[in-house]
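This report concerns only the one structure given below.
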Amino acid sequence: MEAVLKINNVSKTFGSKKVVSNVSFEVYAGEVFGFLGPNGAGKTTTIKMIMGFLGIDEGQVYINGYNLRKNYEKAMSDIGGIVENPEMYKDLSGRVNLNMYARTHDGVTKERIEDVINIVGMQNRINEKVKKYSLGMKQRCGLAQAILHKPKLLILDEPTNGLDPVGIRELRDLLKKLAHEDNIAVFVSSHMLSEMELMCDRVGIINNGKLLYVKPIKELIEDATGAPVHRFFVEPATRALELLKPNYEKLIRAAFVDAVDIAVERKDVPPIAKLLVSNDISLYSIFKLENSLEDAFISITGGGNPIA
Amino acid sequence: MRRLCALYLNEMTKITHKISVIIMLFIMAALVFGIGGLMLFSLKMSTANNIQNNNDTWQTQNNQQQLQNYKTQLADIQAKEKTAGADLANLQMQEQSLKNQIDMFQYAADNNINMNSQEYRAVAMQKLFTYKDTVSQLKSYPAEMLTDKQKKEIATDQDYITRLQKVIDNKDYAAYIVISNEIVSNNSDLTDDQKQIEKDMNALRLKINPTGETNNSIYGVDNTEQLISQISSNKYSLLNNFGYVSGSQTAKSLTTTDREKLSNDIVVNTYKLENGMVKVDNASAIRNSAQVTMMSFGLIMMVILMMILAGGCVSSEISTGSIKSLIIAPVRRWKILFAKFLSLLTVLIVSGLFLYGISILAYGIFFGFNTVTPYVFASGGTPHVMNYYLFFLAKIFVNLLPVLFYMVLAFMLSVVTRNTAASVGISIAVFFAGSIVSSLITAFAKGEWVKFLPFSNMDVTGRVFPYDTTLAMLGGTTAGAVSTTIAFSLITIAVFLLLMGYTAFDSFTRRDIS
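Top line first, the protein sequences correspond to chains F and V. Be aware that the first sequence starts at 1, since it is given in this note's numbering, and climbs by one per residue. Be aware that the second sequence starts at 1001, since it is given in this note's numbering, and climbs by one per residue.
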């Protein structure tokens, strides 16, 4: 698989605050990649850097092989997307907005515009002024713009905002179809895990500007639905981690300053405790985390201060 | 390049859908037609009042009044003479002088000559009576006391008296000019060069007006004499290499440029005289001011329109978020801004043409298309005539320079402040207060730096079209206080435009859009 989007050690600082720090990941053609994180985690900042809104302080972004800094126009011509809310010229009709967008991209035919209008289901209202649209209609219109020029990378920031359940379902099906049938790399950000679960092939979880976790959604679900996660509050945690690694590496879910999360069955808890205690590690408590996807997310993004 | 065109087309689409543009252009048209209509109304009113006739009547009455006054004075003196002792001779001389005056006014009244006019017969008559005065004074001495020179003077004066009499009786302007030239030749105060200038002026007078008839009421003056005196004063300045150059407050020694300017002025005035472009009646004054007012108000509307468009071009897109669809486009940022600038420039030119069209149309409808006069200018001593419609177009386009300046100012502010209200507000404030502040600075500040202010250089029209009598002032009015050449002004304004443009592009390409 080729990496359509390659992010290499990218950082962004606002004032003295490092909003995105050393983030690296890749998005491949034919997959839906979910970018998960709580509000203010740095999702939108990362997306804005990829789409040219913000300058990149450190690191490199490659789109379809083109460096965004050095080959801006070529890199950008393969991107389509919506950042935050879709914003269009309100005094113009949806169709004029689409025509204007089409002009700035190569190879968008009249037929293509009609096709896209049908794909997003706007054929009845495309000639109305955008200011008469509801948020859901604007989302559809924005999506139409985003896919108009058949981009290789589709970036959608919170795309389900304002959509009704039917709309969400249609969007989900459309994105899957685009990725799996048209071999587009789809990059979706969200703070809603349940949505991601249904839509994404792979997820990356970001918090406080750091990318914590990039895995196929199946593994995330396995993590969540397999053996329950037990949190061992230990000291020192780094030495505990070293001790546990030989036997339990695949089961370690997260490591913190004062704790280690391990997915193990009930019967495996005493041997681990024994191992830790016999090696002079202070074990303060063992805590069984709830076994749900939401909790997995929260435990990854919010539980304690991550060290890795 | 293709994408720049696409962005430009998009910007044009956006602007043409803006209701504010249509409203402003509509207001512009309404103002132009409204002013035209008002001016026509005032013209109609003044004609209806028939001021001209009243004026003639008043002047005739005035002449009668003067005649009456002299007669009363004469009666007074005659009464005093009866009781006078030593100063009898003096009183008799006054009596004689008054009698001459009375003769003159009586004669004028009989021959229907307006003594207060500059008509040649009035002038000839005044000369005639001056000679009569001199002759009668000389004759009052005993004949044996007169010198040969004085005797000769009596002879020539009497010759003039008879000839001037003939001029007045026969209305013979050509003969009058011949006499004038002789008087000039006999004037020993003048040098040969000066005599030549006076004779040239006389020749010009005869050439442009063979019959010598003029329309002399206040509301229907032609400015032949004014132009001729301008020409002769310019010729004197050239002769002495010292004098006033238009725009200067004091007389000074002439430079080469001054000399060139004065000679060109002479050429233009001569051309105007020879081609009958000398009428300055009430109607033409109103027509000129209508034309200027229409254009000035149109230009003010245009400045406001351009400031609103430029002041919102980036900031409004940022505040509504529509900038996103521009940033996502696969084009470098400078192209986005450049397309915006080009679209503003297009609106500037199109609205300039629109103003040209409606001004011409309104003027034609209200005052008639045939009342326009071409623009006459001179270079290198030869007169050139510019078609009126071409001239008016050129004039509007020269006036677009200050509009462009304020547009770029608002454009830069829009990019830098990202606040539409601030950018439009500041640029409108600068537009209205700039020339006032600049005048204050010019009045109080000493130093050369004042001439580097943009406002000191904004009035380009007056210097591009120095022979235009109907100037519209959009820029500063400080051109007189700070004298700079047109090239200096253009360079200064260009530098300011480049600086503002650079600031805008630098800010737009480098700053984050969040």
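Each residue gets a CB set at the ideal place from its N, CA and C atoms; glycine is no exception.
- At the C-beta level, valine 1424 of chain V and valine 1268 of chain V stay beyond 7 Å of one another.
- In the three-state reduction of the DSSP assignment, lysine 210 of chain F falls in the strand class, which pools E and B.
- Against chain V, a Cβ distance below 7 Å from glycine 40 of chain F picks out nothing, because the smallest value is about 13 Å.
- For isoleucine 1327 of chain V, same chain residues with a beta-carbon under 7 Å away, outside a window of 5 residues either side, are Ile1513 in chain order.
- Arginine 1511 of chain V is bridged by DSSP to nothing; it lacks a bridge partner.
- 7 Å or more divides the Cβ of phenylalanine 25 of chain F from the Cβ of arginine 202 of chain F.
- For the region 1441-1455 of chain V, the set of residues with a beta-carbon nearer than 9 Å to any beta-carbon of chain F is empty.
- Closest in alpha carbon position to methionine 1001 of chain V, among V:Ile1336, V:Thr1461, V:Gln1137, is V:Ile1336.
- Between glycine 1311 of chain V and chain F, the shortest Cβ-Cβ separation is not below 7 Å.
- Within chain F, Phe53, Leu54, Gly55 have C-beta atoms less than 7 Å from the C-beta of aspartate 1512 of chain V, given in sequence order.
- Under a 10 Å Cβ-count criterion, tyrosine 1141 of chain V is classified as exposed, with fewer than 16 other Cβ atoms of the shown protein chains found around its own Cβ.
- Taking C-alpha positions only, methionine 51 of chain F is separated from asparagine 208 of chain F by approximately 21 Å.
- Chain-order list of chain F residues neighbouring arginine 1332 of chain V: Tyr72, Glu73, by C-beta distance under 8 Å.
- Its Cα nearest to that of tyrosine 248 of chain F, the residue F:Pro271 stands out among F:Glu235, F:Pro271, F:Val257.
- Neighbours of asparagine 67 of chain F in chain V, taken as residues whose beta carbon is under 7 Å from its own, are absent, since the nearest beta carbon is some 14 Å off.
- Secondary structure at phenylalanine 14 of chain F: strand, using DSSP grouped into helix, strand and coil.
- In its chain, beyond the 5 residues on either side, Leu1393, Ile1396 have a beta carbon closer than 6 Å to the beta carbon of tyrosine 1356 of chain V.
- Against chain F, the beta carbon of alanine 1006 of chain V has neighbours under 8 Å at Arg103, Thr104, listed in chain order.
- For the set V:Gln1194, V:Thr1293, V:Met1045, the Cα lying nearest the Cα of tyrosine 1363 of chain V is the one of V:Thr1293.
- Its chain contains Ile262 as the residues whose beta carbon lies nearer than 6 Å to that of isoleucine 252 of chain F, once the 5 sequence neighbours on both sides are disregarded; these appear in chain order.
- The alpha-carbon separation between alanine 1487 of chain V and serine 1456 of chain V amounts to approximately 13 Å.
- Taking threonine 1156 of chain V as reference, the option from V:Thr1134, V:Glu1144, V:Met1145, V:Gly1298 with the minimal CA-CA separation is V:Thr1134.
- Identification of chain V residues near aspartate 91 of chain F by a Cβ-Cβ cut-off of 9 Å yields Lys1014, His1017, Lys1018, Ile1019, ordered along the chain.
- Flagged as an interface residue toward chain F: alanine 1329 of chain V, by a C-beta distance shorter than 7 Å.
- Fewer than three beta-carbon pairs drawn from the region 1180-1198 of chain V and the region 1087-1100 of chain V are found closer than 8 Å, and the two stretches are therefore not classed as touching.
- Of all C-beta pairs linking the region 116-133 of chain F to the region 90-107 of chain F, three or more are shorter than 8 Å, placing the two stretches in contact.
- Taking a beta-carbon distance threshold of 7 Å, lysine 1272 of chain V does not count as an interface residue toward chain F.
- For phenylalanine 33 of chain F, the enclosing beta strand (DSSP E) has its first and last residue at 32-36.
- Interface flag for methionine 49 of chain F against chain V is unset, since no Cβ pair is found closer than 7 Å.
- The beta carbons of isoleucine 1015 of chain V and serine 1343 of chain V sit closer together than 7 Å.
- For the region 186-204 of chain F, there are no residues whose beta carbon sits under 9 Å from a beta carbon of chain V.
- Apart from the 5 residues on each side of it in sequence, lysine 1071 of chain V sits with its Cβ closer than 7 Å to the Cβ of Ile1102 in its chain, given in chain order.
- Looking at V:Arg1332, V:Ser1427, V:Ile1349, the one whose alpha-carbon comes closest to that of phenylalanine 1505 of chain V is V:Arg1332.
- Assignment of beta strand (DSSP E) within the region 1061-1126 of chain V, counting only whole runs of 3 or more residues, yields no such run.
- Under the 7 Å criterion on CB atoms, methionine 100 of chain F is classed as interfacial with respect to chain V.
- Contacts between methionine 122 of chain F and chain V, judged by CB atoms closer than 8 Å, are missing: the closest CB pair is about 16 Å apart.
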